[in-house]
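Under the UniProt record's numbering, think of the first position of the sequence shown as 1, with each following residue one higher.
Data first, discussion second: the structure below is written as structure tokens.
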Amino acid sequence: MVAADRIAEPWGARTPYASGEPWPERVDDFLADGISPESVDRWVQSAAILHSNGDGLDIAVKDGRIVGVRGRAVDRVNHGRVDPKDMFGWQANASPDRLTTPLIRVRGELQPCDWDTAMDRIVARSRELLDDFGPGSIGFYTSGQLFLEEYYTQGVIAHGAIGTNHVDGNTRLCTATAAEALKESFGCDGQPGSYTDVDHADVIALFGHNVAETQTVLWARMLDRLAGPTPPAIVCVDPRRTPVAQHATVHLAPLPGTNVALMNGLLHEIIAHDWLDHDYIDSHTVGFDELRSRVGEFPSERAAQICGVDADDIRHAALLIGHAERLLSTVLQGFYQSHQATAAAVQVNNIHLVRGMLGKPGCGVLQMNGQPTAENTRECGADGDLAGFRNWANDDHISELARLWNIEPQQIPHYAPPTHAMQIFRFAEEGSLQMLWVTATNPAVSLPELGRIRDILSQKRLFLVVQDIFLTETAELADVVLPAAAWGEKTGTFTNADRTVHLSEKAVDPPGSARPDLDIFLDYARRMDFRDKDGQPLPPWTDAESAFDAWKKCSAGRPCDYTGLSYSKLRGGSGIQWPCNDENPDGTERLYADAKFWASPDYCEAYGKDLITGAPLEPTEYRAMNPDGKAIIKAAQYIPPHESPSSHYPFALITGRTLYHFHTRTKTARAPQLAQAAPEVWVEVSQGDARRLGINDGDMVEVSTPRGSISAAARISGIRGGVLFVPFHYGYFDADDNKGHHRAGNELTVTDWDPASKQPIFKTAAAQLRRTGAKAPPVNGQVPVAAKVPAGQP
1 MVAADRIAEP WGARTPYASG EPWPERVDDF LADGISPESV DRWVQSAAIL
51 HSNGDGLDIA VKDGRIVGVR GRAVDRVNHG RVDPKDMFGW QANASPDRLT
101 TPLIRVRGEL QPCDWDTAMD RIVARSRELL DDFGPGSIGF YTSGQLFLEE
151 YYTQGVIAHG AIGTNHVDGN TRLCTATAAE ALKESFGCDG QPGSYTDVDH
201 ADVIALFGHN VAETQTVLWA RMLDRLAGPT PPAIVCVDPR RTPVAQHATV
251 HLAPLPGTNV ALMNGLLHEI IAHDWLDHDY IDSHTVGFDE LRSRVGEFPS
301 ERAAQICGVD ADDIRHAALL IGHAERLLST VLQGFYQSHQ ATAAAVQVNN
351 IHLVRGMLGK PGCGVLQMNG QPTAENTREC GADGDLAGFR NWANDDHISE
401 LARLWNIEPQ QIPHYAPPTH AMQIFRFAEE GSLQMLWVTA TNPAVSLPEL
451 GRIRDILSQK RLFLVVQDIF LTETAELADV VLPAAAWGEK TGTFTNADRT
501 VHLSEKAVDP PGSARPDLDI FLDYARRMDF RDKDGQPLPP WTDAESAFDA
551 WKKCSAGRPC DYTGLSYSKL RGGSGIQWPC NDENPDGTER LYADAKFWAS
601 PDYCEAYGKD LITGAPLEPT EYRAMNPDGK AIIKAAQYIP PHESPSSHYP
651 FALITGRTLY HFHTRTKTAR APQLAQAAPE VWVEVSQGDA RRLGINDGDM
701 VEVSTPRGSI SAAARISGIR GGVLFVPFHY GYFDADDNKG HHRAGNELTV
751 TDWDPASKQP IFKTAAAQLR RTGAKAPPVN GQVPVAAKVP AGQP
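As structure tokens, this is what we get:
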């Protein structure tokens, strides 16, 4: 066991190791005061829920309550380590303000009621809308934090039983570009790489991925390689001087919105110097000539001028990447939440394709997720995809789903792609969507341009159902609130960013009359009397394990094949990576080792899109372009951001995360150590900009964009000049009476999205900054330049 202050030392002690060696074990734990490991009644298997890394852990139970966690040494993902958010975040389960009974709105106020009353109201409104307006009047907006079994059930109900196309999740905000970039390059979703590539890589390139704060255990793995005898070179692309940047061999800090120009500059150098695997390109890809022509327009000097970086730094980064023998690349929100999100992420894939670096130890791409079960939303059809990575534009795939669900193919909407989240909210704004069921997410804080979102959710004509564990800002606006069981209070599986499937067992009972999300969905289906062609209940399963068995049938023969997995196989040991089937009974560490891709026209998940307009390719176009199902090298034209700094709004504003909180702080704000580590919002400003504006560290400032303003304490940091950073986690106001100053970063962000992935833009708002008051109390959060994080509670 490791005893350490994990607020002050979030990555824990170093366990150095060399390339090719196994990552040493280090078991982290945290137990409530007065609880020793010997006094714990039982340890219950689970995995991390407050990030996408998928760390295996055990839940400590004493006298029927959760009293702590410890890492699972046998787990392939973390080898015993635990992220600080998971180490302390479990305490939220026992928070006294948990929802314990349903609520319905009566004369404008939410009032407690029983389950029959709440569900009867939902069912009555559902039937009324289906009778009067049809399936398109109902939409579902879900999470990246439910279990696989719950997503699949929700997808069957929405797509199959109701027949609505309006199904998406808050994964649209964090992982939609990951999925789209993989489809564009490989014809299908599915991370090619594995976390074990960290153990072998000689160059690790992180593109817009502040792994040190978003996946602390993965960063600990990288730190241990850096501390070992054969450290990899690190290439960091980020406008902030993050902990990753501080360890980088080369740090490129481009202006927000210029990622495509930077990637074209890197690819220009790689191609011009012939750092290429020509055999791989010729045998296994299509599209290289177009890429060579496009990036020929981006010599380092031009890319440097657009991005505001040094041309020599571009050349240095390209040299490291071009000479790497084992290259691992990771990508996250710095690329995903921009106007050319998919175009930029695809260029990272292109680097690996032109260098032939896929499927071998140390050679992989991780188009990362932001949430613990974001992968499952995509697999199960609970977001803008169809179950089993099926292609909505392929009639044979629709027929397969219809056979699995025993319904008619025309009952599954496939006249257009499933509706993405931003369009769902626009339909609600316009009135065609009249019922929205929100599950385990808080769009009243997480979506862009919050003033608009509040107005949409507050409409009397919108029937809003919110299913959650606390009365969030969104739940406060609902017509019906359903109390859900939290992690640790239900059983199910979930899949992390490198395709590792974990089982999470029920440890304790939920409080009051709160129910697992799966039970709520099945209860709704039974009350609605959904039936298949033979008059049997739809969906037919009754509990988590039978839902998992049904999912296995749905995944059979598809890329995300779970047929070799079972609850019993996942118990007691490590998580297992899909595909897991007869051919791969122990799972699959890396994809495309044989250079065979899931891209054939009859099998692929998608036919691709125009990266500039987002227009989907026709099946005939795709078949002509890629008849043999090779990997697709897709070039991208650079386009400036839609909203750029101006004389009135001279700064580029980006939003993001802090190490100590997750999403809208629904759980982490209720863990004392995490709440104290980062209690209030702040704005990062460069030293030069602060000096010019007369701002001292800790001064109160106002950040404004054309959409609104927030007040925050200034944090002078190593961010590049002309750029501001605000964490998005914090809710509307800094006063309980809702009359204080706005503090939510999304008061400032724009209603706009990447044309291909439809992921909203959180990285290119134009902003102004002014000092409004004297120094505020110190804030922790992101470490200032040359400063140390203050110690938190042990």
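Cβ atoms here follow ideal geometry from the backbone N, Cα and C, with glycine treated the same way.
- DSSP, reduced to helix, strand and coil, places V82 outside both helices and strands of the structure shown, so it counts as coil.
- Spatial neighbours of F88 in its own chain (CB-CB distance under 7 Å, excluding positions within 5 residues in sequence) are listed in chain order as F30, A671, Q673, L674.
- Every alpha helix (DSSP H) stretch that sits fully inside the segment 63-120 and reaches 4 residues is listed by chain position as 84-89.
- Annotation: the continuous beta strand (DSSP E) that includes Y141 extends over 138-142.
- The C-alpha of V683 lies about 13 Å from the C-alpha of L748.
- Using a Cβ distance threshold of 8 Å, L462 and I633 do not count as a contacting pair.
- In the DSSP assignment, P483 forms a beta bridge with D468.
- In the structure shown, the three-state DSSP call for I412 is coil.
- Note on geometry: alpha-carbon atoms of Q423 and D312 lie some 42 Å from one another.
- For L50, the CB contacts under 8 Å within the same chain, skipping 5 residues up- and downstream, are D83, K85, D86, G89, P372, F662, K667, T668 in chain order.
- With a threshold of 16 other beta carbon atoms within 10 Å, K609 meets it and is buried.
- As for any beta strand (DSSP E) of minimum length 3 sitting wholly inside the segment 599-669, the runs are 651-656, ordered along the chain.
- For G535, the number of other beta carbons within 10 angstroms of its own is below 16, and it is reported as exposed.
- Q215 and A158 have their C-alpha atoms roughly 32 Å apart.
- Among the bridge pairs identified by DSSP, E702 is matched with S711, R770.
- I234: member of the beta strand (DSSP E) spanning 233-237, first to last residue.
- Ranking N584, K553, E589, Q305 by CA distance to the CA of A497 puts E589 first.
- Shortest Cα-Cα distance from A48 to any of G572, I66, R70, R65 involves R70.
- Assigned with DSSP and collapsed to three states, A47 falls in strand.
- No Cβ-Cβ contact shorter than 8 Å links V260 with L320.
- The shortest CA-to-CA distance from D114 to any of G68, A514, D97, V295 is the one to A514.
- Remark: C-beta atoms of G144 and T164 do not approach each other more closely than 8 Å.
- A contact is defined here as three or more CB-CB pairs under 8 Å, and the segment 361-371 meets this definition with respect to the segment 187-194.
- Under the 8 Å Cβ criterion, the segment 237-253 does not count as touching the segment 290-304, having fewer than three qualifying pairs.
- Leaving aside the five residues that flank F427 on each side, the residues in its chain whose CB is nearer than 6 Å to its CB run, in chain order, L433.
- Annotated three-state conformation of I7 is coil, per DSSP.
- Note that the C-beta distance between Q111 and K763 is not below 8 Å.
- Between D517 and R172, the gap from beta carbon to beta carbon reaches 8 Å or more.
- Of the residues G564, K506, E605, the one whose Cα lies closest to the Cα of P417 is E605.
- Around F425, the same chain offers I456 as residues with beta carbons nearer than 6 Å, after the five sequence neighbours per side are excluded.
- Boundaries of the beta strand (DSSP E) harbouring G364: 364-367, taken from the DSSP string.
- For a cut-off of 8 Å, the C-beta gap from G488 to N93 is around 6 Å, short enough to register as a contact.
- Here V703 really is in contact with A767; their C-beta atoms are around 6 Å apart, less than 8 Å.
- In this chain, the alpha helix (DSSP H) harbouring A245 covers 243-246.
- Buried is the label assigned to H268, since at least 16 other Cβ atoms lie within 10 Å of its Cβ.
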